[in-house]
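Asker: Residue 128 is where the sequence shown starts when you use my numbering, and the numbers rise one by one after that.
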Amino acid sequence: MELNTIEIFGYLASALIALSMAVSSIIKFRWINLIGALGLTIYAIIISAIPVAIVNALIVVLDIYYLYKAYTKNEIFQTIEIGENDNYLKQFIEFYKNDIKEFFPNFEYKPENKTLGFLILRNMNVTGVFIAKKLDDKTYNIDLDYVSPEYRDFKNGKYIYSQIREKFLIQSCTKVKTQSTNKTHIKYLKKIGFKNMAEGEFEMDL
Numbered sequence: 128m129e130l131n132t133i134e135i136f137g138y139l140a141s142a143l144i145a146l147s148m149a150v151s152s153i154i155k156f157r158w159i160n161l162i163g164a165l166g167l168t169i170y171a172i173i174i175s176a177i178p179v180a181i182v183n184a185l186i187v188v189l190d191i192y193y194l195y196k197a198y199t200k201n202e203i204f205q206t207i208e209i210g211e212n213d214n215y216l217k218q219f220i221e222f223y224k225n226d227i228k229e230f231f232p233n234f235e236y237k238p239e240n241k242t243l244g245f246l247i248l249r250n251m252n253v254t255g256v257f258i259a260k261k262l263d264d265k266t267y268n269i270d271l272d273y274v275s276p277e278y279r280d281f282k283n284g285k286y287i288y289s290q291i292r293e294k295f296l297i298q299s300c301t302k303v304k305t306q307s308t309n310k311t312h313i314k315y316l317k318k319i320g321f322k323n324m325a326e327g328e329f330e331m332d333l
């Protein structure tokens with residue numbers, strides 16, 4: 128059976144709805160689900176399936192509502208400095224170790240005296256871990272800047288580098304370095320303000 132353009136449009140919209148269910152980020156889920164539901168609403172109107180159109184139109188409204196709340200609500204971010212052998216940190220890294228390897232394949236937690244570490248809290252929920260190692264008096268290397276999947280919307284990153292910047296400056300650090308070959312992480316680094324110095328090497332002046 129040959130599919131016409133309208134049917135293909137309907138299948139694509141349905142595929143987006145299905146794809147949204149596999150996305151861990153709440154924000155990405157809402158955006159993909161919104162586009163898929165909007166597509167299905169249009170498709171249902173075209174084929175005169177009014178009940179289907181109404182249901183999907185309601186989904187569109189709900190997605191817009193929750194996206195509006197997500198982008199406008201006042202969230203509280205905090206950092207908690209952690210010691211070299213913090214048990215919660217070890218448990219966090221162990222729990223997310225497979226996902227961490229996707230972004231930081233060479234990361235291995237080895238507590239040292241020159242390590243600076245923080246837990247990142249968002250509305251009192253632990254959302255990420257930041258670990259940096261002192262290279263010299265002016266430079267730190269970021270070994271781990273990890274956020275759990277459901278909180279990846281760049282808000283964590285903006286907070287981290289605005290707040291931790293002060294902690295670095297207190298220690299006379301004026302430059303941070305990091306390494307990455309992951310496309311998603313590289314996009315994040317550039318958005319935060321890092322410059323690509325060489326293949327897989329990034330720097331940012333504080």
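For glycine and all other residues, C-beta sits at the position ideal for the given N, C-alpha and C.
(1) On the DSSP bridge assignment, give the partners of Phe-204 in chain order.
(2) Please state whether the Cβ-Cβ distance between Thr-206 and Ile-291 is less than 8 Å.
(3) Under DSSP, the alpha helix (DSSP H) around Leu-347 begins and ends at which residues?
(4) Assign Val-188 to buried or exposed, taking buried as 16 or more other Cβ atoms, counted over all protein chains shown, within 10 Å of its Cβ.
(5) Would Ser-275 be called buried (16 or more neighbouring beta carbons within 10 Å of its own) or exposed?
(6) Hey, is the stretch 168-181 in contact with the stretch 207-224, meaning 3+ C-beta pairs nearer than 8 Å?
(7) Report the partner residues of Gln-306 according to the DSSP bridge assignment.
(8) With distances taken from CA atoms, which of Gly-166, Ile-220, Phe-245 and Lys-155 is nearest Tyr-193?
(9) Hey, is Ile-173's beta-carbon within less than 8 Å of any beta-carbon in chain C?
(10) So Phe-231 packs on Leu-271, CB below 8 Å; how close in whole Å?
(11) Looking only at its own chain, which residues have a Cβ that is under 6 Å from the Cβ of Arg-157, when we skip the five neighbours before and after it?
(12) What residues are listed by DSSP as bridge partners for Ala-171?
(13) Which complete alpha helix (DSSP H) runs does the stretch 211-287 hold, if anything under 4 residues is left out?
(14) Taking buried to mean at least 16 other C-beta atoms within 10 Å of its own C-beta, is Thr-311 buried or exposed?
(15) Return the bridge partner residues of Ile-209 from the DSSP annotation.
(16) Please report the distance separating the alpha-carbon of Val-150 from that of Ile-181.
(17) Under a Cβ-count criterion, where at least 16 other Cβ atoms within 10 Å of its own Cβ denotes burial, should Gly-163 be classed as buried or exposed?
(18) Could you give the first and the last residue of the continuous alpha helix (DSSP H) run that contains Ala-149?
Answerer: Looking at the atomic coordinates:
(1) As a position in the sequence shown, residue 204 is number 77, starting the count at 1. The partner list for Phe-204 (beta bridge, DSSP) reads Arg-249.
(2) Here residue 206 is taken as the residue at index 79 of the sequence shown, counted from 1. Here residue 291 is taken as the residue at index 164 of the sequence shown, counted from 1. Closer than 8 Å, so yes.
(3) In this structure the chain extends from 128 to 333, so residue 347 is not present and cannot be described.
(4) The residue given as residue 188 occupies position 61 in the sequence shown. Sixteen is the threshold: since fewer than 16 other Cβ atoms of the shown chains lie within 10 Å of the Cβ of Val-188, the residue is exposed.
(5) In the sequence shown, the residue the question calls residue 275 occupies position 148. Counting Cβ neighbours within 10 Å, Ser-275 comes out buried, since at least 16 surround it.
(6) Result no; under three Cβ-Cβ pairs closer than 8 Å.
(7) Taking the first residue of the sequence shown as 1, we reach residue 306 at position 179. Partner(s): Glu-328.
(8) The count along the sequence shown starts at 1 and reaches residue 193 at position 66. Ranking Gly-166, Ile-220, Phe-245 and Lys-155 by Cα distance to Tyr-193 puts Lys-155 first.
(9) The structure shown contains no chain C, having only a single protein chain.
(10) Here residue 231 refers to the residue found at position 104 of the sequence shown. Here residue 271 refers to the residue found at position 144 of the sequence shown. Correct: roughly 6 Å between the Cβ atoms.
(11) On the sequence shown, position 30 is the one that residue 157 refers to. Residues Asp-190, Tyr-193 and Leu-194 of the same chain have their beta carbon placed closer than 6 Å to that of Arg-157, with the five preceding and five following residues left out of the count.
(12) Within the sequence shown, numbered from 1, the residue matching residue 171 stands at position 44. Looking at the DSSP assignment, Ala-171 forms no beta bridge with any residue, so it has no partner.
(13) Here the runs fully enclosed are 214-222 and 224-230.
(14) Position 184 of the sequence shown, counting from 1, holds the residue named residue 311. The residue is exposed, with fewer than 16 neighbouring Cβ atoms inside 10 Å.
(15) Within the sequence shown, numbered from 1, the residue matching residue 209 stands at position 82. For Ile-209, which the question treats as bridged, DSSP gives the partners Gly-244.
(16) If you number the sequence shown from 1, residue 150 lands on position 23. If you number the sequence shown from 1, residue 181 lands on position 54. Using only the alpha carbons, I get a separation of about 25 Å.
(17) Your numbering for residue 163 matches position 36 in the sequence shown. By the 10 Å Cβ count, Gly-163 comes out buried.
(18) Position 22 of the sequence shown, counted from the first residue, corresponds to residue 149. No alpha helix (DSSP H) contains Ala-149, which DSSP labels as neither H nor E.
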